[in-house]
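Residue numbers (the working numbering): 322 to 648. For each residue, glycine too, the CB sits at the ideal point set by N, CA and C.
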Amino acid sequence: MSSPGHVRLLTWSRASIFGAVISDLVLGTTYFGTRTDRDSSFALLDRFVEAGGRWVDTANCYAFWADPSGHGGQSESVIGAWLRANPGAREQVALSTKVGVEPVDGAPEGLSAPVVRAGATASRERLGVETIDLFWAHARDLGTPIEETVEAMGILVDDGMAHRLGLSNHPTWLVERARSHAIAQGLETVTALQLSTSYVEPRPGAAVEGKDHRFGWVTEETRDYVEQHPEVEVWAYSPLVQGAYDRTDRPFPAAYDHPGTTARLAVLADVADRLGVAPSVVVLAWLVRHGTRPILGVSSLDQLESALRAGELALDDEVMAQLDAPA
Ligand SMILES: NC(=O)c1ccc[n+]([C@@H]2O[C@H](COP(=O)([O-])OP(=O)(O)OC[C@H]3O[C@@H](n4cnc5c(N)ncnc54)[C@H](OP(=O)(O)O)[C@@H]3O)[C@@H](O)[C@H]2O)c1
């Protein structure tokens with residue numbers, strides 16, 4: 322299997338010249354095996370890969386809140402079953418999974434060294450793979466020094482259990498501490514951040530219903546950090562704000578109610594209309610043009626087909642300037 326790092330260089334250079342390509346998009350699988358049944362999950366994976374999709378994102382805790390057991394693992398198990406049912410598919414997909422949020426006695430398991438190693442071991446077993454292509458610490462754990470976490474993650478890479486490492490829902494200062502520590506120890510360091518962002522943003526500091534990670538947002542500081550560290554990718558979760566761009570039954574949460582949103586939605590409607598695509602398609606292509614990898618949350622083939630159109634949409638510099646203009 323070619324290294325995901327190599328794929329990234331190819332796809333990102335193409336993206337900057339021609340617009341998004343389908344391999345820039347990531348398939349999110351939070352509800353695979355719970356709200357999205359096995360057959361529907363298989364159909365989504367089939368179509369994503371057939372269309373040229375490469376990255377599939379999951380977590381060991383998906384989706385504990387949607388399963389009567391109160392524990393996760395269903396999403397990874399369905400992906401594992403799909404890989405077993407499709408010999409050769411392992412060479413076509415890159416697997417991204419996370420540790421740290423699975424509940425233990427009602428609280429997140431955290432990111433201690435034993436939890437990180439046991440989490441990676443169990444994820445590999447459910448997925449049925451030797452190596453996790455990108456392994457993430459899911460959310461900040463105040464009870465564990467970040468040095469302990471990144472050392473445990475780096476050792477996974479040394480042991481062939483993971484290829485690359487990422488941090489999700491961590492403040493930027495902690496990201497820098499983690500990366501510097503791993504480098505000083507001669508270990509594999511973090512090269513990806515997974516945070517929420519979209520074309521419109523909530524008011525800074527405002528609580529957003531259903532979003533409970535204090536450091537779960539791309540901020541100006543994140544943007545500056547990755548500009549200065551181009552080896553670090555940003556993956557965007559919840560890029561479509563639960564479908565709010567296209568659906569009247571999904572209003573944006575109250576925290577998005579500010580003049581910047583009004584101005585941006587007006588420009589977005591105009592661009593989408595001119596290009597003849599849904600506003601959400603423009604949002605996904607816009608994120609890719611800004612060097613961010615959107616993670617698609619889809620529960621039907623129709624939603625997936627719509628999102629895949631972003632992989633064929635070239636936003637030229639003039640359109641990008643128009644979209645970027647409202648602050
Ligand atoms: N690292 C983290 O902490 C974290 C947190 C959240 C998510 N994630 C990752 O990011 C992925 C995506 O997150 P998300 O599910 O919150 O994404 P999202 O972009 O906010 O929302 C996805 C939802 O929007 C609706 N939707 C999407 N496309 C649509 C379309 N074309 N037409 C109408 N409705 C549409 C669907 O709702 P219905 O299904 O109700 O129709 C879908 O489930 C997850 O699967 C997971 O891999 C990571």
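Measuring only the C-alpha atoms, how far is residue i from residue j?
| i | j | result |
| --- | --- | --- |
| Asp594 | Val619 | 23 Å |
| Val420 | Cys382 | 7 Å |
| Val294 | Glu541 | Since the first residue shown for the chain is 322 and the last is 648, residue 294 is missing from the structure and cannot be characterised. |
| Ala584 | Pro647 | 6 Å |
| Ala605 | Ala439 | Contrary to the premise, residue 605 reads as Leu rather than Ala in this sequence. Going by the C-alpha atoms only, they are around 35 Å apart. |
| Pro466 | Val414 | 33 Å |
| Asp378 | Glu548 | 24 Å |
| Arg461 | Gly526 | 18 Å |
| Glu451 | Arg368 | 24 Å |
| Arg661 | Val511 | Past the edges of the chain, shown from 322 to 648, lies residue 661, and the structure says nothing about it. |
| Asp638 | Asp479 | 42 Å |
| His659 | Thr582 | An answer regarding residue 659 cannot be provided, because it is not within the stretch 322 to 648 covered by the chain. |
| Ile338 | Gly612 | Any reading at Ile338 needs caution, since the residue's pLDDT is 48, under 50, leaving its predicted position unreliable; the model's value is listed next. Near 12 Å, if we compare the C-alpha coordinates of Gly612 and Ile338. |
| Ser489 | Ala380 | 11 Å |
| Gly507 | Met474 | 12 Å |
| Gly394 | Ala384 | 7 Å |
| Gly564 | Arg630 | 15 Å |
| Thr543 | Arg498 | 14 Å |
| Trp376 | Ala364 | 16 Å |
| Leu726 | Thr518 | With the chain running from 322 to 648 in the structure shown, residue 726 is simply not present. |
| Asn407 | Asp570 | 37 Å |
| Trp386 | Val422 | 11 Å |
| Pro551 | Pro389 | 42 Å |
| Arg614 | Val553 | 12 Å |
| Glu626 | Val598 | 12 Å |
| Arg359 | Ser621 | 12 Å |
| Asp645 | His502 | 36 Å |
Indicate the three-state DSSP secondary structure (helix, strand or coil) for residue i in the structure shown.
| i | result |
| --- | --- |
| Tyr577 | helix |
| Ala336 | Annotation note: pLDDT 43 at Ala336 (below 50); position unreliable, coordinate value reported separately. Residue state, collapsed to three classes: helix. |
| Glu522 | coil |
| Tyr546 | helix |
| Pro600 | helix |
| Ala587 | helix |
| Leu516 | strand |
| Leu488 | strand |
| Thr493 | helix |
| Gly354 | coil |
| Ala593 | helix |
| Ser323 | For Ser323, the predicted model reports a pLDDT of 32, less than 50, meaning its position is unreliable and no value from the coordinates is stated. |
| Arg375 | coil |
| Ser344 | helix |
| Arg614 | strand |
| Val328 | Since pLDDT at Val328 reaches only 35, below the 50 mark, its modelled position is unreliable, and no value is offered. |
| Asp454 | strand |
Could you tell me which of the options sits nearest to residue i, measuring between CA atoms?
| i | options | result |
| --- | --- | --- |
| Ile504 | Ala576, Leu477 and Glu472 | Glu472 |
| Gly481 | Leu561, Gly431 and Ala441 | Ala441 |
| Asp578 | Asp637, Val603, Gly349 and Val529 | Val529 |
| Val603 | Leu634, Thr613, His611 and Arg614 | Leu634 |
| Arg610 | Ser627, Asp623 and Gly632 | Gly632 |
| Trp403 | Phe385, Thr418, Leu448 and Asp637 | Leu448 |
| Gln643 | Arg614, Pro615, Asn490 and Ala590 | Ala590 |
| Thr350 | Leu463, Ile476, Asn407 and Tyr558 | Tyr558 |
| Trp538 | Tyr520, Gly564, Glu509 and Pro551 | Tyr520 |
| Pro600 | Arg614, Thr613, Pro492 and Gln624 | Gln624 |
| Phe536 | Leu463, Gly354 and Asp479 | Leu463 |
| Arg411 | Val437, Arg445 and Trp607 | Arg445 |
| Ala587 | Tyr352, Tyr566 and Tyr546 | Tyr566 |
| Ser433 | Glu468, Asn407 and Gly409 | Glu468 |
| Glu397 | Glu430, Pro408 and Thr357 | Thr357 |
| Gly531 | Pro574, Ala513 and Val436 | Pro574 |
| Ser362 | Glu554, Val592, Trp386 and Gly401 | Gly401 |
| Pro523 | Trp607, Glu430 and Leu561 | Leu561 |
| His491 | Val399, Glu430, Arg544 and Leu516 | Leu516 |
| His392 | Ala364, Tyr352 and Leu622 | Tyr352 |
| Thr470 | Val437, Trp494, Leu495 and Leu366 | Val437 |
| Val640 | Pro435, Leu596, Ala513 and Thr493 | Leu596 |
| Val555 | Arg568, Ile616 and Ser390 | Ile616 |
| Leu636 | Val592, Leu622, Asp570 and Leu477 | Val592 |
| Ala513 | Pro435, Leu486, Asp360 and Leu477 | Leu486 |
| Glu509 | His534, Leu495, Leu477 and Asp533 | Leu477 |
| Trp607 | Ala628, Arg405 and Thr355 | Ala628 |
| Thr418 | Asp645, Ala443, Pro572 and Arg359 | Ala443 |
| Tyr546 | Pro572, Asp533 and Trp494 | Trp494 |
| Val399 | Leu366, Gly431, Glu430 and Asp533 | Leu366 |
Would you say the beta carbon of residue i comes nearer than 7 Å to a heavy atom of ligand 3?
| i | result |
| --- | --- |
| Ala473 | Ligand 3 is not part of this structure, which contains only ligand 1. |
Quiz item: Do the segment 340-348 and the segment 369-383 meet, that is, are 3 or more Cβ pairs less than 8 Å apart?
Solution: yes
Practice problem: Check whether the segment 444-457 touches the segment 424-433, counting contact only when three or more Cβ pairs, one atom from each stretch, lie closer than 8 Å. | Solution: no
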